[in-house]
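Under the working numbering, the first residue of the sequence shown is numbered 20, with each subsequent residue one higher.
Every residue gets a Cβ at the ideal spot worked out from N, C-alpha and C, and that includes glycine.
Working notes, structure below.
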Amino acid sequence: MQEITDPQEMRAWSRAERSAGRRIAFVPTMGYLHEGHLRLIDRAREGGDRVVASIFVNPLQFGPGEDFASYPRDLERDRAAASARGVNMLFVPAGGAVYPEEPRVRVAPGPMAERFEGATRPGHFAGVLTVVTKLFHLVEPDVAVFGRKDFQQAMLVRRLVADLNFPVVIDVAPTVRELDGLALSSRNVYLLGDERRAALALSRALRAVERAWRAGQADPDALTRVALDTLTVPGVVPDYVALVDQELRSVSRADAATVVLVAARVGRPRLIDNVVLGEGVARDPVAAAAR
Ligand code: AMP
Numbered sequence: 020m021q022e023i024t025d026p027q028e029m030r031a032w033s034r035a036e037r038s039a040g041r042r043i044a045f046v047p048t049m050g051y052l053h054e055g056h057l058r059l060i061d062r063a064r065e066g067g068d069r070v071v072a073s074i075f076v077n078p079l080q081f082g083p084g085e086d087f088a089s090y091p092r093d094l095e096r097d098r099a100a101a102s103a104r105g106v107n108m109l110f111v112p113a114g115g116a117v118y119p120e121e122p123r124v125r126v127a128p129g130p131m132a133e134r135f136e137g138a139t140r141p142g143h144f145a146g147v148l149t150v151v152t153k154l155f156h157l158v159e160p161d162v163a164v165f166g167r168k169d170f171q172q173a174m175l176v177r178r179l180v181a182d183l184n185f186p187v188v189i190d191v192a193p194t195v196r197e198l199d200g201l202a203l204s205s206r207n208v209y210l211l212g213d214e215r216r217a218a219l220a221l222s223r224a225l226r227a228v229e230r231a232w233r234a235g236q237a238d239p240d241a242l243t244r245v246a247l248d249t250l251t252v253p254g255v256v257p258d259y260v261a262l263v264d265q266e267l268r269s270v271s272r273a274d275a276a277t278v279v280l281v282a283a284r285v286g287r288p289r290l291i292d293n294v295v296l297g298e299g300v301a302r303d304p305v306a307a308a309a310r
């Protein structure tokens, strides 16, 4: 595995690979890699001849009082994991290389960013789409892989690419979970003591909704109540539950394509999770299976 920190060198490498006829598949991350990230890398290997993964904790997508400074980082371990999984190029730009100055122009994420994560974290998706734009311009990938775990983010990236004509295919991979159902997240390291067990309320709530839907309940309000009943346990503060379509619009009736979104604070971290009703939590890949 090679590693580049300089943005211009990154672009030169990609252009050389592409002009040699090789397809570039790209996995952007904020590092502290876990099996969820590594499965994106597996998919990237299937979708391209060369895999670029980036590690960049993007200050622009953190609000004041959020965890930018304390976001978990471990470049040594990330290098070993990325290399073992077949990454060809690790792009690790310094903050000052990506943002030599505070960017005055930012990507406006539009109405899909107004609700859910966007409502709780003002400016977050403008920060995400701005850095994704910059990374796409530096890496010039043919395909980029994102996780469904961050459903709103993945759909916004799809919108960005469609609305602004980026020549890149967006591949969205299923959420990787622990054996007990907890969705993998770099922020799970913040869960202390009993909070780890309390955090299972999110995936349990998604399963409860899925069961109720399979039993014939299609009313979004009734299904939302099912989720909230399961989420409302000691140590968990629900933020939102919503049943939406692929454009993040509320649905009037749940069907197989409906996505159930949940967010809750469990101790210090705010956790998010989701399920596509027709696919189900149980069909998501389990991290332990890879060990
Ligand atoms: P992050 O490093 O948290 O910005 O995440 C980088 C990419 O990994 C994003 O596309 C996330 O959606 C994806 N990702 C994070 N957690 C998971 C997971 N448990 N399963 C699948 N993809 C994930």
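Item, Value
"Residue interval of the beta strand (DSSP E) (run including Val71)", "Arg69 to Ile74"
"Sequence-distant residues of its chain with Cβ nearer than 6 Å to Arg302 (five each side left out)", "none"
"Selection from Ile43, Val278 and Leu198 that minimises the alpha carbon distance to Val106", "Ile43"
"Residue of Ala283, Ser271, Arg233 and Ala275 minimising C-alpha distance to Thr249", "Ala283"
"Counterpart residues of Gln265 in DSSP-defined beta bridges", "The partner list for Gln265 (beta bridge, DSSP) is empty, contrary to what the question assumes."
"Assumed close pair Glu159, Arg30 - CB separation to whole angstroms, cut-off 8 Å", "7 Å"
"Cβ-based neighbour list, Leu219, same chain, cut-off 7 Å, excluding 5 preceding and 5 following", "Asp199, Gly200 and Leu201"
"Where the beta strand (DSSP E) containing Met108 begins and where it ends", "Met108 to Phe110"
"Ala113 versus Ser204, Thr24 and Gly67, residue with shortest Cα-Cα distance", "Thr24"
"Own chain, CB closer than 6 Å to Arg206, minus 5 neighbours either side, in chain order", "Pro288"
"For Gly166, the residue or residues it bridges with in DSSP", "Ala192"
"Residue burial classification, Val176 (beta-carbon count within 10 angstroms, cutoff 16)", "buried"
"With 16 other Cβ atoms within 10 Å as the buried cut-off, status of Ala181", "exposed"
"Lys153: CB within 7 Å of a non-hydrogen atom of the ligand AMP", "no"
"Whether Asp97 touches Leu157 by CB criterion (8 Å)", "no"
"Segment contact flag, the stretch 241-261 with the stretch 209-228, C-beta cutoff 8 Å, min 3 pairs", "yes"
"Given 8 Å, three or more beta-carbon pairs between the stretch 123-138 and the stretch 82-89", "no"
"Ala138 to Ala273 span [Cα, whole Å]", "23 Å"
"Assigned exposure category for Pro83 - 16 Cβ within 10 Å defines buried", "exposed"
"Asn77, buried or exposed, once every other Cβ within 10 Å from all chains shown has been counted against 16", "buried"
"Local Cβ density within 10 Å of Ala72, reported as buried at 16 or more and exposed below that", "buried"
"Burial state of Pro128, where buried means 16 or more other Cβ atoms lie within 10 Å", "buried"
"Start-to-end residues for the alpha helix (DSSP H) that takes in Thr249", "Pro239 to Leu250"
"Cutoff 7 Å; reference Arg310; Cβ partners in own chain excluding five residues on either side", "Note that Arg310 scores a pLDDT of 46, beneath 50, so its modelled location is shaky and nothing firm can be said."
"Neighbour-count burial assignment, Asn184, 16 or more Cβ in a 10 Å radius", "exposed"
"Heavy atom of the ligand AMP within 7 Å of Asp93 beta-carbon", "no"
"Residue interval of the beta strand (DSSP E) (run including Gln21)", "Gln21 to Ile23"
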